[in-house]
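Everything below concerns the one structure shown next.
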Amino acid sequence: MDLVEESPYRFRIDRRDPMRVPGVVFAAEALLPEIGADGSLEQVAAVATLPGIVDASFVMPDVHLGYGFPIGGVAATDVAAGGVVSPGGVGFDISCGVRLLTADLDLAGLRPRLDAVMDGLAEATPRGAGRGAAWHLAGRSDVDGVLRDGSRYAVQRGFGVERDLARCEDQGALGDADPGAVSDRAIERGAKQVGSLGSGNHFLEVQAVTEVYDQRVAEVFGLRPGQVCVMIHCGSRGLGHQICADYVRRMERAMPRYDIQVPDRQLACAPVSSPEGQAYLGAMAAAANYARANRQLLTHVARLVFRRVTGAGLDVVYDVSHNQAKIETHGVDGERRSLCVHRKGATRALPPGHPDLPAELGEVGQPVLIPGSMGTASYVLTGVSGAPAFASTCHGAGRVRSRKQAVRAERGQDPREQLVAQNIAVRGASRRGLAEEMPTAYKDIDAVVEATEGAGLCRKVARLVPIGVVKG
DNA sequence: ATGTGC
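Just add 693 to the spot in the first sequence (first one is 1) and you have this note's numbering.
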C-alpha cells in the first residue's frame, strides 16, 4: 500500500475508485515497518468506500488487522447523507474499554501487602471464558436495568457511589439503548457474566504512577508520582459478541435492499436511519451499558479487596470505551453535521471546554486511558483542541503478531517467569494465555503514544507501570 | 474479543 507522507506523523493513502475519501495513517516513520504487513491498510482503503463516509478513513499508530475494519480505526459517516453504521466498525467486543482507579496509597505503603492484595484480587475477580461473575442478574428487570442504565443501574443497586458516574463517559450509561433489539441468546449469554474479566488481552492491573508530564492536568485527574492505581480492561463478554454476530448477519441480508455494495462481506452495514441501522445502534448501546456495568462491578470487587487488605479507598479517574459507534456533531467542510463516528480500537479524546465533560474536567480535557501490553507501561492522556479524526486517539500498543505467532515465539520460554523477573506479580491465565499477550507480540507502547502526541491527537499526562496483574 | 478451533 502506497503511503504519502503529509507531515512527520501523518501519512495518506490516496483516494482511488471505489474509495469515496482518502485513507489517513497516523504513525511515526519508525513504526511503519510494523504497520500494514498484516493487510490492515487494505482494510483502511476498503472502509473508505462506505456510503456517507466523510473526511477520511483514519487509523491510529496501533493499527492491526480486524474483522472487516482495522483495529485502531476511526470512520465517520454523515447520517443525513445516507451514511451507514456497520457492526464490523465497532467490533465483536462492543464497548470494550478501560477504567482507571486511584488508591489513596503510595507504592511504598502497598509493597508489604502486595501479595495479600493480589491474592485477594485473584480470588474475587471472576475471569476466563464462561466462568461466572460477581453479579448474577435476577430476572428480566435486572437485565433491562443493566442494558438501559449501565453503571448507573449498578450504582443504584449498591455497587458503587454517585461520584463514580460523573467520571464515566456518558455519565455511566449510553442513551437510546434498546433491550428489545437484543436477542434472547445474547441475553442468555450475558446474564451470568456481569462483573467478570473475560480473557485475551483483558486484565485487572495494580499499577504505580512513575512519570507525570503535565502537573496541572494530573492534579485535576487525581494523579501524583508514586501513587498506586488500579486499571480495569474488559468489555461486554458473550453479550456483545452475540449482538455483533446477530447484526452482521442481519445487515448482510439487508444490504441489497439499500443497494449497498461493499468490497468485503465483513463490512456489512445499513444506513443509520434504516430500521436495521436503528436496531443495531439500540442493541449496541445496550451492550455498551452492559460493558460499563461490568467495569463498575469489577470496581466494586477491587474496592472490597483494597479496603480489607490495605484500608485504602479507590476513586474513579475515568471510564472510557474504545469499541463503539456514536452519533456526534462535528464540523465537516465548515458545516456542523450529525455523524455516526465508529471507533474500533480507538479512544474518544474530548478537548478542554467540551460540553460533554463534567465541570471539574472541563478546563483540562477528557482523561484518555491507554493500556500497554502485558508487563509494559500504560498511559493517561488528554484530548486537545483542533485535533483531527473527530476527537480520537489510539487505544493501546496494537498487535504485531497474531496470537498463534505469539505462542510460537514464546516456545521453550516461561512467560510467567519473565514477568516475575521484572518484579511483576501475576495471578491467573494459562501459560498459553500469557504467551499470547507477551510484549513481543505488540508494538512499543511508548512509540505508539509518542506518535499520537506528535500527530496532534492528544497530550501525555502520566505514565504508569504494572506492579501486579490479574489475567483472564 | 468469543460457551476460544473447520
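Where is the CB? At the ideal position from N, CA and C, for every residue including glycine.
Quick caveat: nothing in here was measured; it's all calculated off a predicted structure.
What residue from the options has the CA that sits closest to residue i's CA?
i, options, result
"V996", "D1008, I746, E904, G975", "It should be pointed out that residue 996 corresponds to Arg in this sequence rather than to Val. R996 has its Cα closest to that of D1008, out of D1008, I746, E904, G975."
"S1085", "D1139, V1034, N982, V810", "V1034"
"A938", "Q900, H895, V875, A1102", "V875"
"Q900", "A879, M924, V910, F914", "M924"
"G732", "R709, D707, M753, L758", "L758"
"A1018", "D1012, G1024, A1005, L1032", "L1032"
"A721", "D1139, P1159, A1102", "D1139"
"G1068", "D842, E1129, L725, R942", "E1129"
"V1010", "G970, F785, I1063, S779", "I1063"
"T818", "A796, P968, L990, P964", "L990"
"V1073", "G931, A1082, Q1059, S1066", "Q1059"
"A801", "V1119, H1015, T1003, K1164", "T1003"
"K1136", "G1165, R1092, P1159, G1121", "R1092"
"G970", "R1030, D871, D1012, H993", "D871"
"S788", "T1040, E1056, R713", "T1040"
"R942", "A963, L932, G931", "A963"
"F751", "R1030, R705, D1012, V913", "R705"
"E862", "P1051, Y760, D812, R713", "P1051"
"I880", "G888, Y983, V783, M948", "Y983"
"H1047", "H1023, L803, A774, G868", "H1023"
"T1145", "V737, D755, L696", "D755"
"M948", "R930, S929, P968", "P968"
Can you list, in chain order, the residues of its chain whose CB lies under 7 Å from that of residue i, leaving out five sequence neighbours each side?
i, result
"R1125", "V1100"
"A739", "P956, D957, L960"
"K885", "G825, A826, H829"
"P1108", "R1124, L1127, A1128, M1131"
"A1005", "A796, D797, L798, F999"
"G888", "P819, A826, A827, W828, N987, L990, L991, V994"
Check the DSSP bridge columns for residue i and list the partner residues they point to.
i, result
"V1073", "L1062, A1155"
"G1024", "R1029"
"H1035", "A768, A1018"
"G1055", "Partner(s): none; G1055 has no beta bridge."
"Q1098", "Paired residues: none, contrary to the question."
"G1161", "V899, A1118"
"E904", "R1156"
"C861", "D1012"
"I746", "T770"
So, at 6 Å on beta carbons, what are the nonlocal neighbours of residue i in its own chain, with the 5 sequence-adjacent residues on each side left out?
i, result
"G729", "M694"
"V905", "A911, P918, A1155"
"G1165", "R820, G821, L890, G891, S892, H895"
"L734", "M694"
"G790", "V1013, S1014, H1015"
Is DSSP giving residue i helix, strand or coil here?
i, result
"S700", "strand"
"P872", "helix"
"R943", "helix"
"E1130", "coil"
"C922", "strand"
"A981", "helix"
"M753", "strand"
"E1103", "coil"
"Y951", "helix"
"F896", "strand"
"I706", "strand"
"G1006", "coil"
"G790", "strand"
"G716", "strand"
"R820", "coil"
"S967", "coil"
"S1085", "strand"
"A730", "coil"
"L867", "coil"
"Y760", "coil"
"L798", "strand"
"V777", "strand"
For residue i and residue j, which I take to be in contact (beta-carbon distance under 8 Å), what is that distance rounded to the nearest angstrom?
i, j, result
"R850", "G865", "Between G865 and R850 the Cβ distance is about 13 Å, and since that is not below 8 Å, they are no contact."
"A1080", "L974", "In fact, because the Cβ distance is near 25 Å, the residues do not count as touching under 8 Å."
"D771", "G745", "5 Å"
"P715", "A749", "5 Å"
"L840", "A979", "4 Å"
"V777", "I953", "7 Å"
"A679", "V747", "With the chain covering only 694 through 1165, there is no way to say anything about residue 679."
"S1014", "A976", "In fact, because the Cβ distance is near 15 Å, the residues do not count as touching under 8 Å."
"G1121", "V1077", "At roughly 37 Å, the Cβ-Cβ gap does not stay under 8 Å, so G1121 and V1077 are not in contact."
"M753", "F785", "M753 to F785, Cβ: 19 Å. No contact."
"E1053", "V913", "7 Å"
"L793", "C922", "6 Å"
"A741", "R703", "With a Cβ gap of about 16 Å, A741 and R703 do not count as contacting."
Once the 5 residues before and after residue i are set aside, which same chain residues still bring their CB inside 8 Å of it?
i, result
"G1161", "L807, V810, M811, L814, E898, V899, I1117, A1118, V1119, R1120"
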